[in-house]
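> Quick note, this note's numbering runs 4 ahead of the 1-based positions in the sequence shown.
Glycine residues also receive a C-beta, built at the ideal position from the N, C-alpha and C atoms.
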Amino acid sequence: MSENNNRAVFNSKFAAIATTVGSAVGLGNIWRFPYEAGVHGGGAFMICYMAFVFLIGVPVLCAEYSMGRATRSNIFGAYRKLAPGKRFYYSGYLGILASLLILSFYSVVAGWTIEYCIASVSGQLDFSNSEIGHYQFMILTTGWRPVVWTIIFLAINTYILLRGVTKGIERASNILMPLLFILLIAFCINSFTLSGCREGLTFLFSPDFSKINSSVLLGALGQAFFSMSLGLGCMMTYASYFTKETRLGRTALITSILDSMVAILAGVIIFPAVFSFGISPEAGPTLVFEVLPYIFTQLPGGNIWSTLFFLLLFLASLTSTVSMSEISIAFFCEEKKMTRKKATMLSAAISLIGGLICALSFGPLSDFTIFGLTFFNLFDYLSSNICLPLGGMICSFFTGWLMDRKLLKKELTNNGRYAFRIFPVLIFFLKWICPAAIFLIFLNSIGII
Ligand code: TRP
């Protein structure tokens, strides 16, 4: 693997965890989880989501980590090196498609966070009055401003990417993710004082099993993959920068636990507020941005809290989009032999076009729907509910059935230095449980079973 000798590696154990958590924790947890849970009946969704995170997500994450570090390559190189002559690397194209689709709508929502952040700093987002909060929200989603913020967000993302992998990302996420976590805990405590607390928590935590249907299952599966940055080789690419000392199984577990904790905290913050203020939990993608102003209105110094919160949310989005962009950049660089600069610009240009379409789909393009979905929702549905689980299915099938078992074990035990006792269990999951469960959920959602 001499060609890869000059690849950068993350320089500490903490950095490996911090960066993968930085990729995993983002709008997926704080914006997407509550809205998906709200649309899909709360508790029923929650229980499916948690089951998928640990029964499917963690094994697939171990598989991605092992493939990435074993080959020190992006998803294409990884499949090629591990299965020469086989076409598994086609799943890399799926990953690129998904990453660009996600980047498009993600940038729009990240743009909303900048708008809210700037408006809070300047006092325009006046939390003394929830009506003004709502007014701001309408401007946010229907005017020309989201378009501008999307462009600005993508520009910032591109700037960071041009500075290279280890420097920018590591530094930012190391300090800021813990801070975000603390802030979320503070808001969470505040939630317990709201009048709709009991109702909100019941909605989120008491599952009504009769509500579990194909759309809840597919939604929860997609959310688990989205939130853990799984299925398109993102974690594979990151693991290719891990050192030999990083313990993959442990890192996978820690990443998943922290990631789901952030999602649950977000749920505990949002749903009591939803019920206190009489908003419908089924509002969809705009739910969180509609509810947060109400929460901040209740707090003394609402503007300060909101500035800090949206700033951190913006930074959390940035660490996620950086990781997403890395997929197509690595492809253009390593497969198409472009310079890093050119690759970065190309990936930014494609996501800019997608981003503009998504930004407009709340306003001028809102009547333009395909299968009843606006562009924004379509991009989200296609990538999260279809591409990611499909990529995960291929990855688990591949590692379970075809990848050299010794190599897999070597990665998971750090060359025999640590025992990885649940190895047979992991293999069983990768071989049978993960591919079969994903396949059955797909069949179920197209109405075959
Ligand atoms: N997991 C991130 C979030 O929750 C989003 C994300 C980053 C992602 N990289 C990804 C999703 C790769 C899917 C694939 O916000």
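Just to confirm, is the Cβ distance from Ser260 to Val62 under 8 Å?
Indexing the sequence shown from 1 puts residue 260 at position 256. Indexing the sequence shown from 1 puts residue 62 at position 58. Contact flag set, yes.
> Quick one: Cα of Thr311 to Cα of Leu187, how far?
Taking the first residue of the sequence shown as 1, we reach residue 311 at position 307. Taking the first residue of the sequence shown as 1, we reach residue 187 at position 183. Going from the Cα of Thr311 to the Cα of Leu187 covers about 12 Å.
> For a quick check, are the C-beta atoms of Gly200 and Ser284 less than 8 Å apart?
By one-based count along the sequence shown, residue 200 stands at place 196. By one-based count along the sequence shown, residue 284 stands at place 280. No, they are not a contact pair.
> On the DSSP letters alone, give me the boundaries of the alpha helix (DSSP H) that Tyr485 sits inside.
Since the first residue of the chain shown is 5 and the last is 453, residue 485 is not available in this structure.
> Taking only the alpha-carbon atoms, compute the straight-line gap between Gly45 and Thr247 and give it to the nearest angstrom.
Start at 1 with the first residue of the sequence shown, and residue 45 comes out as number 41. Start at 1 with the first residue of the sequence shown, and residue 247 comes out as number 243. So the two alpha carbons sit approximately 42 Å from each other.
> Please list the segments of the alpha helix (DSSP H) lying wholly inside the region 98-167, counting only runs of 4 or more residues, in order along the chain.
Qualifying alpha helix (DSSP H) stretches, in chain order: 134-146, 149-166.
> Could you tell me if Asp384 is buried or exposed, where buried requires 16 or more neighbouring beta carbons within 10 angstroms of its beta carbon?
In the sequence shown, the residue the question calls residue 384 occupies position 380. Looking at its Cβ environment, which holds 16 or more other Cβ atoms inside 10 Å, Asp384 is buried.
> Could you check whether Ile333 and Ser355 sit closer than 8 Å to each other, using their CB atoms as the reference points?
Here residue 355 is taken as the residue at index 351 of the sequence shown, counted from 1. Here residue 333 is taken as the residue at index 329 of the sequence shown, counted from 1. Contact flag unset, no.
> With 16 other CB atoms within 10 Å as the buried threshold, where does Glu286 fall?
Residue 286 sits at position 282 when you count from the first residue of the sequence shown. Classification of Glu286: exposed, given that the 10 Å Cβ count is below 16.
> According to DSSP, is Leu31 helix, strand or coil?
Residue 31 sits at position 27 when you count from the first residue of the sequence shown. Correct three-state label for Leu31: helix.
> Provide the residue(s) that pair with Ile374 in DSSP beta bridges, ordered along the chain.
On the sequence shown, residue 374 is found 370 positions in, with the first residue counted as 1. BP columns for Ile374 point to Leu377.
> With a threshold of 16 other CB atoms inside 10 Å of the CB of Arg84, please say whether the residue is buried or exposed.
Taking the sequence shown and counting its residues from 1, the one referred to as residue 84 is at position 80. When all chains shown are included, Arg84 counts as buried.
> Grab me the residues of His138's own chain with a C-beta within less than 8 Å of its C-beta, minus the 5 sequence neighbours each way, in chain order.
Residue numbering aside, residue 138 sits at position 134 when the sequence shown is read from its first letter. The answer, listed in chain order, is Glu294, Pro297.
> Buried or exposed, going by whether 16 or more other CB atoms sit within 10 Å of the CB of Leu406?
Position 402 of the sequence shown, counted from the first residue, corresponds to residue 406. Burial call: exposed.
> Could you check whether the region 433-443 touches the region 113-128, counting it as contact only if at least three pairs of C-beta atoms, one from each stretch, sit closer than 8 Å?
Touching, no, given that fewer than three Cβ pairs across the two stretches are closer than 8 Å.
> Measuring alpha carbon to alpha carbon, tell me which residue in Val13, Thr23, Ala19 is nearest Leu322.
Taking the first residue of the sequence shown as 1, we reach residue 322 at position 318. The candidate whose alpha carbon is nearest that of Leu322 is Thr23.
> Going straight from the alpha carbon of Ile426 to that of Lys413, what length do you get?
Counted from its first residue, the sequence shown places residue 426 at position 422. Counted from its first residue, the sequence shown places residue 413 at position 409. Whole-angstrom Cα-Cα distance: 11 Å.
> Can you round the beta-carbon distance between Ala277 and Ile299 to whole angstroms, since I take them to be within the 8 Å contact cut?
By 1-based counting over the sequence shown, the position of residue 277 is 273. By 1-based counting over the sequence shown, the position of residue 299 is 295. Sure, about 5 Å apart at Cβ, within 8 Å.
> When every heavy atom of the ligand TRP is checked, does at least one fall within less than 7 Å of the C-beta of Phe230?
Your numbering for residue 230 matches position 226 in the sequence shown. It does: the Cβ of Phe230 is within 7 Å (strictly closer) of some heavy atom of the ligand TRP.
> Taking 7 Å as the line, does the beta carbon of Asn389 fall inside it for any heavy atom of the ligand TRP?
Numbered from 1 along the sequence shown, position 385 holds the residue referred to as residue 389. Not so, every heavy atom of the ligand TRP lies at least 7 Å from the Cβ.
> Any heavy atom of the ligand TRP closer than 7 Å to the Cβ of Ile333?
Residue mapping note: residue 333 aligns to position 329 of the sequence shown, counting from 1. No - the ligand TRP has no heavy atom lying nearer than 7 Å to the Cβ of Ile333.
> Which whole-angstrom value is the C-beta distance of Met109 and Cys362, which I expect to be below 8 Å?
The sequence position of residue 109 within the sequence shown is 105, counting from 1. The sequence position of residue 362 within the sequence shown is 358, counting from 1. Sequence inspection shows Phe at residue 109; the Met mentioned does not correspond to that position. Rounded, the Cβ-Cβ distance is 4 Å, consistent with contact.
> Report all residues from its chain with a CB closer than 8 Å to the CB of Gly451; omit the five preceding and five following residues, and keep chain order.
Here the question's residue 451 lines up with position 447 in the sequence shown. Hits under 8 Å: Ser218.
> What's the C-alpha gap between Tyr69 and Met240?
As a working mapping, residue 69 is identified with position 65 in the sequence shown. As a working mapping, residue 240 is identified with position 236 in the sequence shown. One C-alpha to the other measures close to 5 Å.
> Do you know how far the Cα of Val220 is from the Cα of Gly147?
Against the sequence shown, residue 147 aligns to sequence position 143. Against the sequence shown, residue 220 aligns to sequence position 216. Whole-angstrom Cα-Cα distance: 32 Å.
> In the structure shown, what three-state DSSP assignment does Asp263 receive?
In the sequence shown, residue 263 corresponds to position 259, counting from 1. Helix, per DSSP.
> Given this structure, state the Cα-to-Cα distance separating Gly358 from Lys410, to the nearest angstrom.
Your numbering for residue 358 matches position 354 in the sequence shown. Your numbering for residue 410 matches position 406 in the sequence shown. Looking at the two C-alpha atoms, the distance is approximately 42 Å.
> Taking C-alpha atoms, which residue in Lys17, Thr250, Pro393, Ile179 lies nearest to Arg421?
Your numbering for residue 421 matches position 417 in the sequence shown. The shortest Cα separation from Arg421 among Lys17, Thr250, Pro393, Ile179 belongs to Thr250.
> Keeping to the same chain, check which residues put their C-beta closer than 7 Å to that of Ser329; ignore five residues upstream and five downstream.
Within the sequence shown, the letter at position 325 stands for residue 329. Contacts found: Leu107, Asn161, Leu165, Ser351.
> By the 10 Å Cβ neighbour count, where 16 or more other Cβ atoms means buried, how is Gly282 classified, buried or exposed?
Taking the first residue of the sequence shown as position 1, residue 282 is located at position 278. With fewer than 16 other Cβ atoms within 10 Å, it is exposed.
> Near Phe207, which residues of its chain fall below 6 Å by C-beta distance, leaving aside the five closest residues on each side in sequence?
As a position in the sequence shown, residue 207 is number 203, starting the count at 1. So the list reads Gly46, Phe275, once near-sequence residues are dropped.
> Mind listing, in chain order, the continuous alpha helix (DSSP H) runs of no fewer than 4 residues lying wholly within the region 231-290?
Listed in chain order, they are 238-243, 252-280.
> In or out: Ser454 buried (at least 16 other Cβ within 10 Å) or exposed?
Absent from the structure is residue 454, since the part of the chain shown begins at 5 and ends at 453.
> Within its chain, find whatever has a CB closer than 6 Å to the CB of Gly367; leave out the 5 residues flanking it on each side and keep chain order.
Within the sequence shown, residue 367 is the residue found at index 363, counting from 1. Answer for Gly367: Thr146, listed in chain order.
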